[in-house]
Amino acid sequence: MKKIILTGGGSAGHVTPNIALLPSLKSAGYEITYIGSYDGIEKRLIGDFDIPYVGISTGKFRRYLDIKNFTDPFRVIKGFAEARKFIKNYKPDVVFSKGGFVSVPVIRAAASLGIPCIIHESDMTPGLANKMCIPVAQKICCNFPETLKQLPEAKAVLTGSPIRTELTQGNKLAGLTMCGFSANIPVIMVIGGSLGAANVNKAVRDALPSLLADFQVVHLCGKDKIDNLLLNTTGYKQFEYVKAELKDLFAMADVVISRAGANAICELLALKKPNILIPLPASSSRGDQILNAKSFEAQGFSLVIQEDDLTTDMLVDKVHELYFTRQTFRDAMNKSGQMDSIKTILRLLEEAVSSAQNP
1 MKKIILTGGG SAGHVTPNIA LLPSLKSAGY EITYIGSYDG IEKRLIGDFD IPYVGISTGK
61 FRRYLDIKNF TDPFRVIKGF AEARKFIKNY KPDVVFSKGG FVSVPVIRAA ASLGIPCIIH
121 ESDMTPGLAN KMCIPVAQKI CCNFPETLKQ LPEAKAVLTG SPIRTELTQG NKLAGLTMCG
181 FSANIPVIMV IGGSLGAANV NKAVRDALPS LLADFQVVHL CGKDKIDNLL LNTTGYKQFE
241 YVKAELKDLF AMADVVISRA GANAICELLA LKKPNILIPL PASSSRGDQI LNAKSFEAQG
301 FSLVIQEDDL TTDMLVDKVH ELYFTRQTFR DAMNKSGQMD SIKTILRLLE EAVSSAQNP
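Per my numbering, residue 1 is the first one in the sequence shown, and the count goes up by one each step.
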């Protein structure tokens, strides 16, 4: 049996694409082990699957002054030693990394033992952790055509981001029943997220009187962000978050309003959902969502509203524009080269294993 180590962590975005790969990896005959931090979010997320988990020491690399800058390098060195010891004994055929700082000692340790490594960069511009892994990686997968120009030409592959297969298997009727919606009125799905979405949530709620004249709205507004005054509003359904039912809400939605995180927008692309992106402003992030949104807009996949420009009237106008031209966006998505990410990544893994076995 072929052996693969998956790694990545620090945020859900560095874990969920790895989870999306699990069924296909198992079908392809891989024995899978996950390496993450001792107690990071990756440990909790992987805990839902029957996958061996190995924790290592890790530290963060910062571009700003922090007292931990003096101690974290020692944690990284310890993590490198721990990862190398495990990898040397486990003897994987290949390592796949979704990024985050825990991946740096894992990739560096594997490469030092001659194990082929493939890494994935979600955002338009490579993050610091992936920059430290690029020199030893065999291939670098990415989500955006623009990213190819920032990577070594011989290593870069446009794959898109793996998404969970179950998201494509939703039931529209189940979604309508869950929300108490009519089948005859189009549905807007709003994915506000749990962090930094207060302005999006407010804009959507301010626009409800106009939107509900033509649409129904299902709103994933984030933890503790339900508006109790709107609980009985006809045609408007709020959830803090959903898990298994998310696929049914996607199946029900005609158009989507979302932030522009890389994994979220790759899901919209894979599901061919016309969308409005409202990226996190540069004041609240490193600006990666703004770049992600610009790329999707340039490729014809999305309309974009910058949060600083967001008004009730603009949101209502953009929703109507999107809905009445929605087929144009679907046509552009159908032509995308970022649709078969799991198949492409599995091919790269097989090639890496084959090249290692037949140098």
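C-beta: ideal position from N, C-alpha, C; glycine also. Computed from a predicted structure; not experimentally measured.
7 Å Cβ cutoff met for residue i and residue j
| i | j | result |
| --- | --- | --- |
| V256 | L268 | yes |
| A360 | G99 | Absent from the structure is residue 360, since the part of the chain shown begins at 1 and ends at 359. |
| S37 | V102 | yes |
| M252 | V190 | no |
| L291 | M124 | yes |
| G8 | S97 | yes |
| L277 | A298 | no |
| F250 | L231 | no |
| A207 | L315 | yes |
| C133 | I118 | no |
Residue range of the unbroken beta strand (DSSP E) whose run includes residue i
| i | result |
| --- | --- |
| N275 | 275-277 |
| E31 | 30-37 |
| T7 | 2-7 |
| A156 | 156-158 |
| F239 | 236-239 |
| F96 | 94-97 |
| V15 | Taken as a continuous stretch (DSSP letters only), V15 belongs to no beta strand (DSSP E), as it is neither H nor E. |
| N220 | Checking the sequence shown, residue 220 turns out to be Leu, not Asn. Unbroken beta strand (DSSP E) run through L220: 216-220. |
| I163 | Here I163 belongs to no beta strand (DSSP E), and DSSP marks it neither H nor E. |
| G261 | From DSSP, G261 is part of no beta strand (DSSP E); its letter is neither H nor E. |
| G55 | 53-56 |
Three-way DSSP call (helix, strand, coil) for residue i in this model
| i | result |
| --- | --- |
| S336 | coil |
| G196 | Low confidence applies here, because G196 scores a pLDDT of 44, under 50, leaving its location unreliable and the question unanswered by this model. |
| S341 | helix |
| K85 | helix |
| G127 | coil |
| E350 | helix |
| A356 | helix |
| I290 | helix |
| K43 | helix |
| G10 | coil |
| Y169 | The sequence shown places Gln at residue 169, rather than the Tyr named in the question. Note: Q169 maps to helix in three-state DSSP. |
| Q327 | helix |
| S122 | coil |
| L271 | coil |
| I185 | coil |
| V256 | strand |
| V76 | helix |
| V242 | coil |
| I265 | helix |
| Y64 | Any reading at Y64 must be qualified, since the residue scores a pLDDT of 48, below 50, and its modelled position is unreliable; no value is offered. |
| I134 | helix |
Counted within 10 angstroms of its Cβ, other Cβ atoms place residue i as buried (16 or more) or exposed
| i | result |
| --- | --- |
| A198 | exposed |
| F324 | exposed |
| P116 | buried |
| P92 | buried |
| I77 | exposed |
| Y360 | Lying before the first or after the last residue shown, residue 360 is absent from the chain, which here runs from 1 to 359. |
| P105 | buried |
| G47 | exposed |
| A352 | buried |
| A293 | buried |
| Q357 | exposed |
| G274 | Reading off the sequence, residue 274 comes out as Pro, not Gly. It counts as buried. |
| D309 | exposed |
| K139 | buried |
| Y64 | Since pLDDT at Y64 reaches only 48, below the 50 mark, its modelled position is unreliable, and the value read off the structure follows with that caveat. Exposed, by the Cβ-count rule. |
| D288 | buried |
Residue span of the alpha helix (DSSP H) that contains residue i, given as start and end
| i | result |
| --- | --- |
| G175 | 172-179 |
| V319 | 312-324 |
| V106 | 103-112 |
| K139 | Note, K139: premise wrong, no alpha helix (DSSP H); beta strand (DSSP E) at 139-142. |
| L303 | From DSSP, L303 is part of no alpha helix (DSSP H) but of the beta strand (DSSP E) over 302-304. |
Nearest-angstrom Cβ-Cβ length linking residue i and residue j, presumed shorter than 8 Å
| i | j | result |
| --- | --- | --- |
| A83 | A109 | 4 Å |
| V204 | H219 | 6 Å |
| P126 | P17 | In fact, because the Cβ distance is near 16 Å, the residues do not count as touching under 8 Å. |
| N143 | A262 | 6 Å |
| I360 | Q238 | Missing from the structure shown is residue 360; the chain here goes from 1 to 359 and no further. |
| A146 | S355 | The amino acid at residue 146 is misidentified as Ala; the sequence shows Glu. Actually they do not touch by this definition, with Cβ atoms about 28 Å apart. |
| I87 | I19 | Not really, about 21 Å apart at Cβ, beyond 8 Å. |
| G29 | K2 | 6 Å |
| G13 | S122 | 6 Å |
| L167 | L246 | 7 Å |
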